[in-house]
Amino acid sequence: MPRRALRLGVAGPVGTGKSSLIATVCRNMAAELEIGVVTNDIYTDEDARFLRASGVLSAARIRAVETGACPHTAIRDDITMNLIAVEDMERDVGPLDLVLVESGGDNLTATFSPGLVDAQVFVLDVAGGGDVVRKGGPGIARADLLAVNKVDLAPYVDVDVDRMVAEGAAARGGAPVLALSRHRPETVDELCAWIRRLAGDHAAGRHTPTDPGAPAHHHHAHVRAT
Amino acid sequence: MRACARVATESAPGPGGRPRTRISGLRSQAPLMLFTTRAKEGEPSVAHRGVPARVSVAAGAAGPIGGDELRLEVEVGPGSVLVLSEVSPSLLLPGREGRVSTTRVRISVATGGTLVWLPEPLVAARGCDHLNEVRVDLADDAALLMREEVVLGRHGETGGRVRLSTRVRRSGRALLCQDLELGTGAGRTPVVAHGHRAVGSVLVADPLWCAQEARSRPRTRLLSGDAVVTPLPQGAALISALCQDNASLRDTLRSGLAALGPPWTPRPVPPPP
Amino acid sequence: MTARAALLLFADGRLPAGGYAHSGGLEESVRTGRVRDAQSLESFLEGRARTVGLVLAAFAARSCRAARDPDPLPELEVLDAELDARTPSPAQRETSRQLGRQLHRLLTGMAHHPLLERLPRAPHQPLVLGAACGLYGLRPLDAALAALHESVTGPAVAAVRLMSIDPFRTHAALARIAPSLDRLAERALEHCDGSPHDMPAAAAPLLDVVAEVHATRSERLFAS
Chain A
0 MPRRALRLGV AGPVGTGKSS LIATVCRNMA AELEIGVVTN DIYTDEDARF LRASGVLSAA
60 RIRAVETGAC PHTAIRDDIT MNLIAVEDME RDVGPLDLVL VESGGDNLTA TFSPGLVDAQ
120 VFVLDVAGGG DVVRKGGPGI ARADLLAVNK VDLAPYVDVD VDRMVAEGAA ARGGAPVLAL
180 SRHRPETVDE LCAWIRRLAG DHAAGRHTPT DPGAPAHHHH AHVRAT
Chain B
0 MRACARVATE SAPGPGGRPR TRISGLRSQA PLMLFTTRAK EGEPSVAHRG VPARVSVAAG
60 AAGPIGGDEL RLEVEVGPGS VLVLSEVSPS LLLPGREGRV STTRVRISVA TGGTLVWLPE
120 PLVAARGCDH LNEVRVDLAD DAALLMREEV VLGRHGETGG RVRLSTRVRR SGRALLCQDL
180 ELGTGAGRTP VVAHGHRAVG SVLVADPLWC AQEARSRPRT RLLSGDAVVT PLPQGAALIS
240 ALCQDNASLR DTLRSGLAAL GPPWTPRPVP PPP
Chain C
0 MTARAALLLF ADGRLPAGGY AHSGGLEESV RTGRVRDAQS LESFLEGRAR TVGLVLAAFA
60 ARSCRAARDP DPLPELEVLD AELDARTPSP AQRETSRQLG RQLHRLLTGM AHHPLLERLP
120 RAPHQPLVLG AACGLYGLRP LDAALAALHE SVTGPAVAAV RLMSIDPFRT HAALARIAPS
180 LDRLAERALE HCDGSPHDMP AAAAPLLDVV AEVHATRSER LFAS
């Protein structure tokens, strides 16, 4: 089987910092990994433009998929456009080590299809409130990584980060939860280390994708209907 | 009424050894009268393609009328240049028992040949039912400029039905195929004309645009909310416009030609005869 | 036995080939005010069926028939060029090829299809649709119906996001024009043989213009 990049999905509600997380990963890992990004937007290519403007990747490594105002469909039900975008980019600028697929900001239930990505990060932020974690959903409960973003803002929005992380870990049966802020280098390092490990496992054929959309059998998540 | 007219051109040696275009065939049949003429305003420059011959069509005061069958054959010989114009607009009128009137135009432009065809508008009177069928065969290095304009109704009149059927090929390969129905059916919907009374297009096929290394291929250009210049495959461009009256239609199509740049830009002053 | 159920598969709006991201020119037509209520929407759909829909149906039907020939590729290649000549808008040519490529990606992801795998990279959508119908045992009439169905349901479904209209009204409009889709499909069938140059070429100049205007918009819900 030909070598192909690790495909990592980044999902989560609007405004939680998905684009910024991706820009941070690119900025910190571009020296060690060949990276490409596919964005899924609600209105044309705003996220792609943000990434291009940030200058962390060349324009050829950033592609936008237009989703007809249906971003959750494009990453789960009908992945053809995204798959073609990823495959085209790997063909045109590859070989790549990592393709980040950013979902359009949608609700808590959106997760990536196992046909599109190998692993996924679900992004929340403290500004959304501490109780979002408790509301749950397949992404929060079963994504490969739950990132609680913008933790530097916690004092201003009256959120207890430790408690939010602990509740996240409980909801996820112990699967990883990362408190993240691009203003706190140690948290960024942790994120990069997680991706580095995953990319290594993928390259070595050790990574087995799990689908958060499928019911979990190995642990009991505290998932309530939203 | 049935009539068939024909014009053919060929390249012949002219003064100073420069080839000029000679009219090798000219046949009129009432009401389709063909005669040689001088350059008109708005004609593009075709000097780079050769010294042109100019022919104009006079199709009588009114008509075609329902039931009429007109046919025009145009053969542009190798290396020759023909500018074909028209004296006045055609007023399409209904015939008895709602019969269809047809105009069939058959055009061939041989290798190195050029045709500039600038007919005047078809004006669709109330109740008319007209089919305008144009078939063009271009050799691979032939050039073509072809205008079509339809005005639905005279002043304050609701126009009848007009169908324009166009097929253009270059070297046997389809270049532009359009069947446009106006005045009835789909013609009244928001996808075709939707209340626009004047609808027209100009097709320009320039062999210079075919070349891989072509410097200035046409590009998409919006002329207004209802008019656009679009590049076609095989080195051609289509200017398409929908307007409220014929004057603004003509202006818009000319602005499209201006956007294509020389030599297709219309020239305000007629060149000396 | 006549294949039927596969037709429902290809005509289903949930077919995962990316069609949901397109409004068939409706978004820009709403923006211009030419489509603003249930009546003008129905007129838009009817016009679309009689123009774009008829052309797509004829090409899908003929591709379906061709797919049963021993070597359909030369004819599909001619049809591809003929359809280019019927699509003066570069934005629409691009959309048609993008949708064709997506459908092709889906079909080759579903199963091994030697014919489809030999098609060029981004054929026009109705060619892929027609060929797929042929490969799944459907008839040219089925392919024509599927193409016509798709030419109006996409915009109708998009309408509920683009204008103040409820889904009952959009589907009432679709139901009213259904008989005309049947008639148009029969007409499309008449062109399965004969010169491809004589195939339907029903023009929709306003759709061509709005496609180009839409392509320049920096904010839009739908890709076309």
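Chains as they are written, first to last, in numbering that gives the first Met the number 0: chain A, 0 to 225; chain B, 0 to 272; chain C, 0 to 223. Beta carbons: idealized from backbone N, C-alpha and C, even for Gly.
Assignment of F43 (chain C) by DSSP, reduced to helix, strand and coil, places it in the helix class. The beta-bridge partner set that DSSP reports for I61 (chain A) consists of A:V36. Neighbours of V122 (chain B) in chain C, taken as residues at a C-beta separation under 8 Å, are lacking, since the least C-beta distance is about 19 Å. With a threshold of 8 Å between beta carbons, G234 (chain B) makes no contact with chain C. Taking a 10 Å sphere around the C-beta of A4 (chain B), we find 16 or more other C-beta atoms and assign the residue as buried. Here the alpha carbons of G18 (chain C) and E33 (chain A) stand approximately 31 Å from one another.
Taking a 10 Å sphere around the C-beta of V156 (chain A), we find fewer than 16 other C-beta atoms and assign the residue as exposed.
Within the region 71-88 of chain A, the residues whose Cβ lies closer than 8 Å to some Cβ of chain C are T72, A73, D76, D77, I78, T79, M80, L82, I83, listed in chain order. A258 (chain B) is outside the set of residues whose beta carbon lies under 8 Å from a beta carbon in chain C.
Of all residues in the region 111-133 of chain C, none comes within less than 9 Å of chain A when Cβ atoms are compared.
Contact check between the region 143-157 of chain A and the region 7-17 of chain B: fewer than three CB pairs, one atom from each, fall below 8 Å, which does not count as touching.
Less than 8 Å separates the beta-carbon of R75 (chain A) from that of F111 (chain A). Interface residue (Cβ-Cβ distance to chain A less than 8 Å): A222 (chain C) is classified as such. Per DSSP, reduced to three states, the secondary structure at D178 (chain B) is strand. Of A:D117, A:I41, A:C25, A:A203, the smallest CA-CA separation from L144 (chain A) is found for A:D117. Among the residues of chain C, those whose CB is under 7 Å from the CB of T188 (chain B) are S42, F43, E45, G46, following chain order. Taking 8 Å as the threshold, the shortest C-beta distance from R249 (chain B) to chain C does not fall below it. Along the region 168-180 of chain B, the positions whose C-beta sits under 8 Å from a C-beta of chain C are R168, R172, A173, L174, L175, C176, Q177, D178, L179, E180, read in chain order. Think of a sphere of 7 Å around the beta carbon of T66 (chain A): the chain C residues whose beta carbon falls inside it are A20, in chain order. Within the model, the alpha-carbon separation for G129 (chain C) versus A143 (chain C) is close to 8 Å. Rounded to whole angstroms, the gap between the alpha carbons of T107 (chain C) and I78 (chain A) is 14 Å. Distance from the CA of R134 (chain B) to the CA of V51 (chain C), rounded to the nearest whole angstrom, comes to 21 Å.
With respect to H129 (chain B), P63 (chain B) sits close: the two C-beta atoms are nearer than 8 Å. Spatial neighbours of S23 (chain B) in its own chain (CB-CB distance under 7 Å, excluding positions within 5 residues in sequence) are listed in chain order as A7, T8, E9, G76. Residue environment: T35 (chain B) is assigned as exposed (fewer than 16 neighbouring CB atoms within 10 Å of its CB, all protein chains considered).
Listed along the chain, the chain A residues whose CB falls inside 8 Å of the CB of P15 (chain C) are D76, D77, I78, T79.
Of the other Cβ atoms in all chains shown, 16 or more fall within 10 Å of the Cβ of F43 (chain C); this residue is therefore buried. In the DSSP assignment, C3 (chain B) is bridged to B:R70.
According to the DSSP secondary-structure assignment, D136 (chain B) is paired through a beta bridge with B:S107, B:R168. For R166 (chain B), the nearest CB of chain C lies under 8 Å from its own CB, placing it at the interface with that chain.
Looking at the DSSP output, E101 (chain A) sits in a beta bridge with A:V9, A:T38. Spatial neighbours of A131 (chain C) in its own chain (CB-CB distance under 6 Å, excluding positions within 5 residues in sequence) are listed in chain order as L106.
Within 10 angstroms of the beta-carbon of D161 (chain A) lie fewer than 16 other beta-carbons, which makes it exposed. Of all residues in the region 161-180 of chain C, none comes within less than 7 Å of chain B when Cβ atoms are compared. Bounds of the beta strand (DSSP E) holding D124 (chain A) are 118-124. Note on H47 (chain B): under 16 other CB atoms within 10 angstroms of its CB, so exposed under the neighbour-count rule.
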